[in-house]
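Going letter by letter, the sequence shown gives residues 1 to 521 in UniProt numbering.
Heads up: the structure comes next, in structure tokens.
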Amino acid sequence: MTATDGAEKTFGISTAISYPNGAPHIGHAYEVIATDAIARFKRLDGYDVLFTTGTDEHGLKIQQTAARAGLAPRAFVDDMAARFQAMADALDCSYDRFIRTTEPAHYASVQEIWRRMEARGDIYLSKYAGWYSVRDEAYYAEDETETGPDGERRAKATGTPVAWMEEENFLFRLSAYGDRLLALYEEQPDFIGPETRRNEVASFVRSGLKDLSVSRTNFDWGVPVPGHPDHVMYVWVDALTNYVTVTGFPDEADTRKKFWPMDLHVIGKDIVRFHAVYWPAFLMSAGLPLPKRVFGHGFLLSKGEKMSKSLGNVVDPFDLIGAYGVDAVRHFVLREVPFGSDGNYSHEAIITRYTADLSNGLGNLAQRSLSMIAKNCEGRVPEHGDLTADDRALLALADVLPETVRAAMDRLALHTALSEIWTLVTACDRYFDAQKPWVLRKTDPARMGACLYVVAETLRAIGILVQPFIPGSAAKLLDLLAVAPEDRRIADLGEGGRLVPGAALPAPSGLFPRFVEPDAG
Ligand code: ME8
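Written as structure tokens, this is what we have:
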């Protein structure tokens with residue numbers, strides 16, 4: 001069964017939007033690759049998908065970084081956002097929309113969300129008053145200040161002059177949403193994943209929520225608050241709203257409206273609270289439906305350490321692609337890291353994975369079987385005659401694989417989906433070795449044909465199912481099997497879509513060249 005029977009099924013999925021205050025790093029790459037694999041799987045399974053990613057371009061941090069670079073914030077983010085988009089392209093990610101929070105359409109969306117939260121009575125102006133020291137950039141309470149002999153008021157701790165200041169901030173009545181949020185986590189246990197994150201968030205909410213400051217007046221690089229142009233919105237109100245902007249909000253007639261509520265927000269573990277507490281509270285207040293699921297993946301660490309510029313271990317995704325190839329990088333992060341846990345990156349680990357799974361594994365299997373077909377079967381899909389129990393057993397494994405992979409993908413166990421696919425690669429390899437078609441070539445050519453047919457048909461199943469993970473290599477493999485582009489969906493797997501004996505195949509070529517160390521000469 002696929003989603004194409006009956007009503008059209010939709011699937012909306014997003015990554016977080018990245019801060020473009022520095023160049024994209026491997027953590028950003030990891031998130032967009034994983035999200036892409038899920039989006040591609042859903043398309044393959046017959047869903048109409050909206051997959052979005054982008055950049056979160058406002059806020060004091062960006063304004064200051066731009067100033068240090070001697071650029072206006074707009075020029076700075078234009079350059080950086082282009083790098084993030086180029087990374088997603090270089091990683092072969094099939095996003096439908098790259099959103100930048102500086103787009104006019106996004107301003108309209110954020111201001112509308114704000115107006116709706118305000119109309120609900122959830123936004124109020126609060127005055128903050130105190131003795132402010134400009135030099136310390138800090139407020140002091142009455143009893144922390146004293147009047148000096150010169151009659152001037154000073155901070156006791158630092159001796160700096162203070163002046164009475166009153167600042168206005170808008171606050172969001174987050175405190176009113178605690179019970180509704182806890183009910184949400186109770187009724188929709190899938191809302192936050194993995195489960196450990198759900199427990200963390202629930203206990204944070206249970207400990208009591210304070211109202212949230214949602215506007216700033218000390219900088220201006222942000223979305224102006226409607227009716228109060230001296231305030232810009234807190235960057236998280238602005239950023240989270242990107243997920244409805246991409247579905248055309250607030251335009252009721254927009255064709256992308258069907259993608260809200262989104263099915264899945266893929267984010268990192270450090271920003272689960274923003275997505276599982278603030279975001280649903282804002283949406284409840286604005287009277288909009290809630291996303292179905294928020295999943296906090298783990299961090300990708302360079303040999304166990306968090307990547308950071310100060311540690312000097314930031315890995316440039318473009319360098320990785322250049323060194324290993326895009327599918328080697330995609331396969332590595334998806335197969336090696338249990339989705340939801342932290343994972344480690346190292347040169348040795350990526351080479352080991354590439355060699356075992358891709359070069360010696362799938363690549364070698366395709367190479368040796370397809371070159372035998374080219375040489376001994378006139379380059380056509382062989383006839384198979386009656387199938388033996390062994391033949392049928394392998395095909396049966398291939399035929400159940402879509403169900404197993406779908407179940408793993410539904411649980412967002414991307415690494416399990418891949419290991420299930422590789423169980424079939426290994427089974428097919430064993431079958432090939434046990435059947436010895438190179439011996440059958442002389443003793444029983446008809447059996448050789450049947451055996452090569454079964455291997456080619458198994459490769460078709462593997463090729464279709466690896467498309468979400470290693471799209472470029474999967475396309476190459478399916479080209480070698482002469483599978484038409486329109487016949488590469490999950491619905492084409494199994495009995496109904498079998499390779500047709502006699503169909504001409506192109507000349508075989510290698511899928512995954514052996515990795516050679518650059519300094520190996
Ligand atoms: O948090 N490994 O932006 P960001 C894996 N703008 N994932 C990582 C990572 C790592 N080493 N480092 C960061 C923001 N990430 C906000 C999001 S969404 C409305 C606003 C993930 O550029 C991180 O967890 O700091 C987040 O999901 C994404 O990369 C962007 O991080």
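Every residue, glycine too, gets a C-beta built ideally from N, C-alpha and C.
Being a predicted model, the structure only gives us computed values, none of them experimental.
Unbroken beta strand (DSSP E) runs of length 3 or more, entirely within the region 215–261: which are they?
228–233
Since Phe170 and Gln63 should fall inside the 8 angstroms C-beta cutoff, what is the C-beta to C-beta distance between them, to a whole number of angstroms?
Wrong, their Cβ atoms sit about 20 angstroms apart, outside the cutoff.
Compute the minimum distance between the beta carbon of Ile271 and the heavy atoms of ligand 1, and state whether it is under 7 angstroms.
yes
Okay, do the region 464–477 and the region 432–446 touch, 3+ Cβ pairs below 8 angstroms being the bar?
no
Ligand 1 and Asp319: does the residue's C-beta get closer than 7 angstroms to at least one heavy atom of that ligand?
no
Compute every distance between the C-beta of Asn344 and the non-hydrogen atoms of ligand 1, then say whether any falls below 7 angstroms.
no
For the beta strand (DSSP E) holding His106, just list the boundary residues, first then last.
His106 -> not in any beta strand (DSSP E); alpha helix (DSSP H) instead, spanning 104–119.
DSSP three-state label for Gly521, please.
Caution applies to Gly521, whose pLDDT of 43 falls short of 50 and renders its modelled position unreliable; the model cannot decide the point.
Does the pairing of the region 47–55 with the region 81–101 give three or more beta-carbon distances under 8 angstroms?
yes
Where does the unbroken alpha helix (DSSP H) through Ala408 begin, and where does it stop?
389–410
What is the residue span of the alpha helix (DSSP H) that His58 lies within?
Element bounds for His58: n/a, residue is neither H nor E.
Are the CB atoms of Asp342 and Gly296 nearer to each other than 8 angstroms?
no
With the cut-off set at 8 angstroms, would you say Val266 and Ile464 are in Cβ contact?
no
Just to check, is the beta-carbon of Ile62 closer than 7 angstroms to a non-hydrogen atom of ligand 1?
no
For Val235, is the classification buried or exposed, using 16 other Cβ atoms within 10 angstroms of its Cβ as the cut-off for buried?
buried
Neighbourhood of Arg180 by C-beta, 7 angstroms cutoff - its chain only, sequence neighbours within 5 removed:
Met284
Which stretch, first to last residue, makes up the beta strand (DSSP E) that contains Gly12?
10–18
Compute every distance between the C-beta of Pro192 and the non-hydrogen atoms of ligand 1, then say whether any falls below 7 angstroms.
Note that residue 192 is Ile in the sequence shown here, rather than Pro. Result no, Cβ not under 7 angstroms from ligand 1.
I want to check one thing, is the minimum distance from the CB of Asp316 to the heavy atoms of ligand 1 below 7 angstroms?
no
Separation of Leu452 from Gly385, as counted between CA atoms
12 angstroms
Can you determine whether any heavy atom of ligand 1 sits closer than 7 angstroms to the C-beta of residue 522, and answer yes or no?
Coverage of the chain is limited to positions 1 through 521, which leaves residue 522 absent and any answer about it impossible.
With contact counted as at least three CB pairs below 8 angstroms, one residue from each stretch, are the region 30–45 and the region 233–251 in contact?
no
Taking the C-alpha atoms as reference points, what is the distance between Val214 and Ile350?
43 angstroms
Does the distance from the CB of Ser175 to the CB of Asp122 come in under 8 angstroms?
no
DSSP puts Pro161 in a beta bridge; with which residues?
Arg154
Tell me whether Ala3 sits in a helix, a strand or coil according to DSSP, three-state version.
With a pLDDT of only 44 at Ala3, under 50, the local geometry of the prediction cannot be trusted, and the value read off the model is given with reservation. DSSP places Ala3 in coil when its eight states are reduced to three.
Count the C-beta pairs between the region 328–344 and the region 402–416 that are closer than 8 angstroms, then say yes if the count reaches three, no if not.
yes
Near Thr65, which residues of its chain fall below 6 angstroms by C-beta distance, leaving aside the five closest residues on each side in sequence?
Asn21
Same chain, Cβ closer than 7 angstroms to Asp391, neighbours up to 5 away in sequence not counted:
Ala450, Val454
Judging by CA-CA distance, which residue of Ala461, Glu57, Phe274 is the nearest neighbour of Ile421?
Ala461
Tell me the DSSP secondary structure of Arg514 in three-state form.
coil
Here's the rule I'm using: 16 or more other beta-carbon atoms within 10 Å means buried, otherwise exposed. How should Gln85 be labelled?
buried
Inter-residue Cα distance where the pair is Gln467 and Asp36
11 angstroms
CA-CA distance, Arg115 and Leu240?
16 angstroms
So, at 6 angstroms on beta carbons, what are the nonlocal neighbours of Tyr19 in its own chain, with the 5 sequence-adjacent residues on each side left out?
Asp56
Which residues in the same chain as Ile113 place their Cβ atom closer than 6 angstroms to its Cβ, once the five residues preceding and following it in sequence are excluded?
Thr241, Ala286
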